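Peer 1: Shown below is the structure under consideration.
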Amino acid sequence: MASGNIKAGCGQMKEKLRVENLKKVYGTKEVLRGVEFDVRDGEFLSILGPSGCGKTTILKILSGLLKPTEGRVIKDGEDITELASSKRGMGIVFQNYALFQNMTALKNVEYAMQFRPGLKPGARKRARGLLEMVGLSEYENAKPHRLSGGQQQRVAIARTLALNPDIILFDEPMSALDVANRLALRGELKAIQKKTGATIIYITHDQEEAFAMSDRIMVMGNGEIEQLDTPENILKSPASDYVKSFVLDNLRLKMESLSKYMEYCL
Ligand SMILES: Nc1ncnc2c1ncn2[C@@H]1O[C@H](COP(=O)(O)OP(=O)(O)OP(=O)(O)O)[C@@H](O)[C@H]1O
Numbered sequence: 001m002a003s004g005n006i007k008a009g010c011g012q013m014k015e016k017l018r019v020e021n022l023k024k025v026y027g028t029k030e031v032l033r034g035v036e037f038d039v040r041d042g043e044f045l046s047i048l049g050p051s052g053c054g055k056t057t058i059l060k061i062l063s064g065l066l067k068p069t070e071g072r073v074i075k076d077g078e079d080i081t082e083l084a085s086s087k088r089g090m091g092i093v094f095q096n097y098a099l100f101q102n103m104t105a106l107k108n109v110e111y112a113m114q115f116r117p118g119l120k121p122g123a124r125k126r127a128r129g130l131l132e133m134v135g136l137s138e139y140e141n142a143k144p145h146r147l148s149g150g151q152q153q154r155v156a157i158a159r160t161l162a163l164n165p166d167i168i169l170f171d172e173p174m175s176a177l178d179v180a181n182r183l184a185l186r187g188e189l190k191a192i193q194k195k196t197g198a199t200i201i202y203i204t205h206d207q208e209e210a211f212a213m214s215d216r217i218m219v220m221g222n223g224e225i226e227q228l229d230t231p232e233n234i235l236k237s238p239a240s241d242y243v244k245s246f247v248l249d250n251l252r253l254k255m256e257s258l259s260k261y262m263e264y265c266l
């Protein structure tokens, strides 16, 4: 596995998360082996790989939803491998939004704060502020079925931010959205990250998305890391034929279809 430094100027960022020698076996099937990487404080790291290569399994292990067969997860220098999910200070945004259908947008964002004594006072005000941050103030009384896919995903993001996570995990959050919504949400995610200072780990199988958004990209093959480096370095020096074909060839195709879409729109 080739691993490089984060882009110039960010090289001194402190380590936020470290994953050591991760292995996951389901029954007799080994789906992750020897996975090791670090994520720096405030970094946007994408995990890019084809379907079934183990991306979601990594995310579940990081968040505590799944125990690794072997290996450790270290956050801020502390071993959190056995720590309960709710105590990890991480939030997850899924591809299917997973909103409460019987609650308004505002209630969805406010809900989990009710169970955190530190956040309960002022929860309503904070929820309103977060809906404003994602551009949905005028929809606070709307239930999810009245919102578009992009708007529902924005509510899901606001809901995740409500608990003040210092690491946000995104599991293919744009895959159910159309191109226009994807492009809009990309910019908004970067703005939210800047505002909150959160570290982001972002799963995608979309090469173009990973290259447009990330400080570094971790390219996964079948249960292993093929390359972890900045977009620029991956473009300049792909670590293997696999990276060349899965990342660069597909990136070229995606860029072509995106530019056709832009021509069509303009
Ligand atoms: N609970 C499970 N039991 C058995 N095998 C599983 C289980 N969960 C996942 N797998 C297998 O582990 C492998 C990795 O799955 P994972 O969901 O991590 O892949 P992925 O890269 O996120 O794929 P996708 O992009 O399609 O979501 C796959 O072969 C999958 O079939």
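Here the sequence shown stands for residues 1 to 266, where the numbers follow UniProt numbering. Here a beta-carbon is modelled for each residue, glycine too, at the ideal position from N, C-alpha and C. Values in this document were obtained by computation on a predicted structure and should not be read as measured data.
Taking Arg159 as the reference, which of Lys60, Phe94, Ser148 and Thr204 has the closest Cα?
Peer 2: Measuring from the Cα of Arg159, the nearest candidate turns out to be Phe94.
Peer 1: Could you work out which residue in Glu20, Asp166, Thr69 and Cys53 is closest to Gly27 when comparing CA atoms only?
Peer 2: It is Thr69 whose Cα lies nearest to the Cα of Gly27.
Peer 1: Would a C-beta distance cut-off of 8 Å place Glu20 and Arg72 closer than the cut-off?
Peer 2: Cβ atoms of Glu20 and Arg72: closer than 8 Å.
Peer 1: Classify Arg252: buried if its beta carbon has 16 or more other beta carbons within 10 angstroms, exposed otherwise.
Peer 2: Flag for Arg252 reads exposed.
Peer 1: Contact between the segment 197-215 and the segment 49-64 is defined here as three or more beta-carbon pairs at a separation below 8 Å; is this criterion met?
Peer 2: In short, these stretches touch, since the Cβ pair count reaches three.
Peer 1: Would you say the beta carbon of Lys23 comes nearer than 7 Å to a heavy atom of ligand 1?
Peer 2: Because no heavy atom of ligand 1 lies under 7 Å away, the Cβ of Lys23 does not count as near it: no.
Peer 1: Is the separation between the beta-carbon of Met220 and that of Gly54 shorter than 8 Å?
Peer 2: Cβ distance < 8 Å, so Met220 and Gly54 count as in contact.
Peer 1: Apply the 10 Å Cβ neighbour rule to Ser148 and answer buried if 16 or more other Cβ atoms are within range, or exposed otherwise.
Peer 2: Ser148 should be labelled exposed.
Peer 1: Whose C-alpha, out of Ile74, Lys29, Leu59 and Ser257, is nearest the C-alpha of Met218?
Peer 2: With distances taken between Cα atoms, Met218 lies closest to Leu59.
Peer 1: Under 7 Å from any heavy atom of ligand 1, does the C-beta of Gly129 make it?
Peer 2: Checking the Cβ of Gly129 against ligand 1 gives no.
Peer 1: Does Asn108 pass the burial test, meaning 16 or more other C-beta atoms within 10 Å, or should it be called exposed?
Peer 2: Buried, since its Cβ has 16 or more Cβ neighbours within 10 Å.
Peer 1: Sorry if obvious, but does the Cβ on Thr56 come closer than 7 Å to a heavy atom of ligand 1?
Peer 2: Checking the Cβ of Thr56 against ligand 1 gives yes.
Peer 1: Please classify Ile6: does DSSP put it in a helix, a strand, or coil?
Peer 2: Bear in mind that a pLDDT of 42 at Ile6, under 50, signals an unreliable position, so the number given afterwards is only what the model happens to contain. Coil, per DSSP.
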